[in-house]
Every structure is written in structure tokens, then in C-alpha cells.
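In the numbering used here, the protein residues as written are 3 to 158. C-beta: ideal position from N, C-alpha, C; glycine also. Being a predicted model, the structure only gives us computed values, none of them experimental. Following: one structure in C-alpha cells, then a few remarks.
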């Protein structure tokens, strides 16, 4: 379980590099997509940590194979945890927008934007939104460490 959390922390470091270094010099939608994929990867690892904990606590016998089934299983195991449900909703949103066709706006400029048409809305991811998402990811990582390990990751 700790291995998953440590790997998730490494993914967060890679995400920070993408946002604060790569995106600074290469303002393209491809870099934004790369950052979103890193977020999904980080959440996948945290979900795996929650599943390992559930397996240790004998709440489940085996681990589902697909990432979507893993997220669903965590939702079923911890239905009363509203904070975790909020993070898993964000995860579902990220996975959804990465599968949909997208358009680009103001590429190579400060306000480069990844635009996706949803059923009843439009999702626009720009540098500022990405930075907020990165902070949200750090909150999720800290939350996971607190719930699964019993202390914050800074205490290591």
C-alpha cells in the first residue's frame, strides 16, 4: 500500500514539472493532455492503495482488472466517505474528458486551452485550471496518506 502512495507522490512530482516547467516553455494542448494523464495515473495509484488496504482488512478478495472497475469498487467499499467520493468524481471527470474529441484554443500563448464539449456543458482546461487541479491532487494525496497510513506524508 505504501508503495502505491510513494509512486503516486512521484507522479505528483512529474505533474508539477509538466505544469511549472514544460508548460512554461511549450504552451500546447499536448502538454495539458500529458498533465491530465499524469493526474489520472496518480489517482489510479491511490485507488490501488485503497484497494490494497481493503484487501488487508478482508473487505474484498481480489482486485478488479480495469481502472474503471477499481474506482467503482472503491466507491462501493467506502460509500460513507464523502471526501473520497468527491475525489473519485473528479477522477471520472478526467477520464471522461480525455476520451472525448477536443479542440485547441490559443496554442503557443499564455491562455492555451483544451476544450471539450460535454453533454450539457463545455469543459475548458487552461494553465490556471491545471494549477488548481494540481493543488486538488495534492489534497487527495495528503488525504490518502492520512486515511491509509494514519499520518501525513510529510511525517515520513
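- For residue 118, same chain residues with a beta-carbon under 6 Å away, outside a window of 5 residues either side, are 99, 102, 104 and 125 in chain order.
- The criterion of a C-beta distance shorter than 8 Å is not satisfied by residue 83 and residue 69.
- Residue 28 sits in coil when the DSSP states are folded into three classes, being neither helix nor strand.
- Considering only 110, 87, 38 and 111, the residue with the shortest C-alpha distance to residue 16 is 38.
- Assigned with DSSP and collapsed to three states, residue 6 falls in helix.
- Residue 62 is not a Cβ neighbour of residue 6, given a cutoff of 8 Å.
- Cβ neighbours of residue 13 within its own chain (closer than 7 Å, five residues either side excluded): 40, 43, 44 and 47.
- Distance from the CA of residue 153 to the CA of residue 11, rounded to the nearest whole angstrom, comes to 15 Å.
- For residue 94, the three-state secondary structure derived from DSSP is helix.
- A residue is called buried once 16 or more other Cβ atoms fall within 10 Å of its Cβ, and residue 116 is buried on that count.
- Taking residue 96 as the centre and dropping the five residues before and after it, the same chain places the C-beta of 38, 41 and 42 closer than 7 Å to its C-beta, in chain order.
- Using a Cβ distance threshold of 8 Å, residue 31 and residue 106 count as a contacting pair.
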